[in-house]
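Comments concern the structure below.
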Amino acid sequence: MAGLSVLAGFYLCLILAMLAADASFTTPRHLLAALDSPEIRYAIRLSLISCSMTALLSLWVAVPIGYLMSRYHFRGKALVDALLDIPIILPPLVIGLSLLILFRTGLGQFIERFVPVTYAVPGVVLAQFTVGAAFAVRTVR
């Protein structure tokens, strides 16, 4: 037990050290000056919108899948469970690159005709959703 407490203490110290380094890196005046930038305001707005949409979509998908995975036993359940782990295990960069590759295929180009995804807000939501929904399924399960 003591070893785990020491390990947890080191981890918490690392997090606190990172927060202290971030706080000492700049001043509040510089942060407020950065908020005057249209690019920064756009990035903040995009983050808030895309994260909100992703959370709603993830819940909409995760609740039924989590219910199905927790209440029913069916053929292929282990495969579905393993597939749901892939977005959690892979780094977000790999997920993003895989989505870019998907939208270079015939199916992806067909979807692009109706909904512009590549380098657009729906693509940001889709990338976040791919990872977020997997975590949401695990949470509601």
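Per this note's numbering, the very first residue in the sequence shown carries number 27; after that it's consecutive. Here a beta-carbon is modelled for each residue, glycine too, at the ideal position from N, C-alpha and C. Nothing here was measured: the structure is a model prediction, and the numbers come from that model.
Per DSSP, residue 134 is one residue of the alpha helix (DSSP H) stretching across 132-140. Here DSSP, grouped into helix, strand and coil, assigns residue 56 to helix. Annotation note: the segment 85-165 contains no uninterrupted beta strand (DSSP E) run of length 3 or greater. When secondary structure is reduced to three states using DSSP, residue 48 falls in the helix class. In the assembly as shown, residue 160 is a buried residue. Its beta-carbon has 16 or more other beta-carbons within 10 Å. Classified as exposed, residue 27 has fewer than 16 neighbouring CB atoms from the shown chains inside 10 Å of its CB.
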